[in-house]
Amino acid sequence: MSLIIRHPNETDLGALTVLMYEYIVDFYQCPKPPMQKIHQLIKTLQQEEKGIQFLAEENGKAVGFATLYFSYSTTRAEPITIMNDLYVQEAYRGSGAAEKLFKSCQTYSKQHQYAAMTWETARDNARAQRFYEKMGGRKGDFLTYSI
Numbered sequence: 046m047s048l049i050i051r052h053p054n055e056t057d058l059g060a061l062t063v064l065m066y067e068y069i070v071d072f073y074q075c076p077k078p079p080m081q082k083i084h085q086l087i088k089t090l091q092q093e094e095k096g097i098q099f100l101a102e103e104n105g106k107a108v109g110f111a112t113l114y115f116s117y118s119t120t121r122a123e124p125i126t127i128m129n130d131l132y133v134q135e136a137y138r139g140s141g142a143a144e145k146l147f148k149s150c151q152t153y154s155k156q157h158q159y160a161a162m163t164w165e166t167a168r169d170n171a172r173a174q175r176f177y178e179k180m181g182g183r184k185g186d187f188l189t190y191s192i
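This note's numbering applies: residue 46 is where the sequence shown begins, and numbers increase by one.
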């Protein structure tokens with residue numbers, strides 16, 4: 046098996062759309078955004094101005110993705126990345142795809158001199174929490190709110 050991590054291109058639009066819907070609708074059980082909005086988001090991230098995506102590919106098949114968004118930290122007075130998404134299809138979990146996606150995000154953040162990479166996961170996603178701790182992540186002191 047050959048697992049590679051790369052930046053998606055225009056020809057990956059369909060496969061990446063499928064992965065993003067699995068992540069949004071099946072995994073997080075959120076409403077399905079219109080395809081036009083998903084495609085616009087993918088195209089925005091391909092410009093690498095507001096964020097960037099990484100695609101995990103196993104033998105030519107897209108099996109996962111990660112998304113970094115670019116932001117700032119007021120307390121650091123420096124730019125940071127926010128890993129908003131890290132998703133690997135169920136059949137490929139434990140294959141090393143998640144680790145390679147995570148490390149690609151981490152490497153990108155370091156190489157582009159971001160002060161930190163942050164992320165969050167659901168309180169009940171124990172598997173993800175174990176994975177992030179294995180990768181060296183620490184739980185923060187802040188609670189996340191939304192409106």
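C-beta atoms are modelled at their ideal positions from N, C-alpha and C, and glycine is treated no differently.
Keep in mind it's a predicted model, so treat the numbers as computed, not measured.
Residue(s) in a DSSP beta bridge with residue i
{"i": "Asn147", "result": "It should be noted that the sequence gives Phe, not Asn, for residue 147. In DSSP, Phe147 forms no bridge with anything."}
{"i": "Gly109", "result": "Ala101, Val133"}
{"i": "Arg51", "result": "Leu100"}
{"i": "Met162", "result": "Thr126"}
Pick from the options that is closest to residue i, judged by C-alpha positions
{"i": "Thr163", "options": "Tyr190, Asp130, Ala107", "result": "Asp130"}
{"i": "Tyr159", "options": "Cys150, Tyr73, Ala167", "result": "Cys150"}
{"i": "Ala60", "options": "Ser47, Pro76, Gln92, Gly109", "result": "Gly109"}
{"i": "Ala161", "options": "Ser116, Val133, Ala171, Ala167", "result": "Ser116"}
{"i": "His157", "options": "Phe72, Thr56, Glu94", "result": "Glu94"}
{"i": "Glu55", "options": "Thr152, Lys88, Thr120, Arg183", "result": "Lys88"}
Under the three-state DSSP convention, the category residue i falls into
{"i": "Phe99", "result": "strand"}
{"i": "Glu123", "result": "strand"}
{"i": "Thr189", "result": "coil"}
{"i": "Tyr117", "result": "strand"}
{"i": "Asp57", "result": "helix"}
{"i": "Asp71", "result": "helix"}
{"i": "His157", "result": "coil"}
{"i": "Gln92", "result": "coil"}
{"i": "Arg175", "result": "helix"}
{"i": "Thr180", "result": "Residue identity check: residue 180 is Met in the sequence provided, not Thr. Three-state DSSP puts Met180 in coil, outside helix and strand."}
{"i": "Ala167", "result": "coil"}
{"i": "Lys77", "result": "coil"}
Beta-carbon proximity of residue i to residue j, cut-off 7 Å
{"i": "Leu86", "j": "Ile97", "result": "no"}
{"i": "Ala107", "j": "Leu64", "result": "yes"}
{"i": "Ile50", "j": "Lys179", "result": "no"}
{"i": "Thr189", "j": "Ser154", "result": "no"}
{"i": "Leu58", "j": "Glu103", "result": "no"}
{"i": "Ala101", "j": "Ala142", "result": "yes"}
{"i": "Cys75", "j": "Ile69", "result": "yes"}
CB contact below 7 Å: residue i versus chain B
{"i": "Gly141", "result": "Protein chain content of the structure displayed is limited to a single chain, and chain B is not contained in it."}
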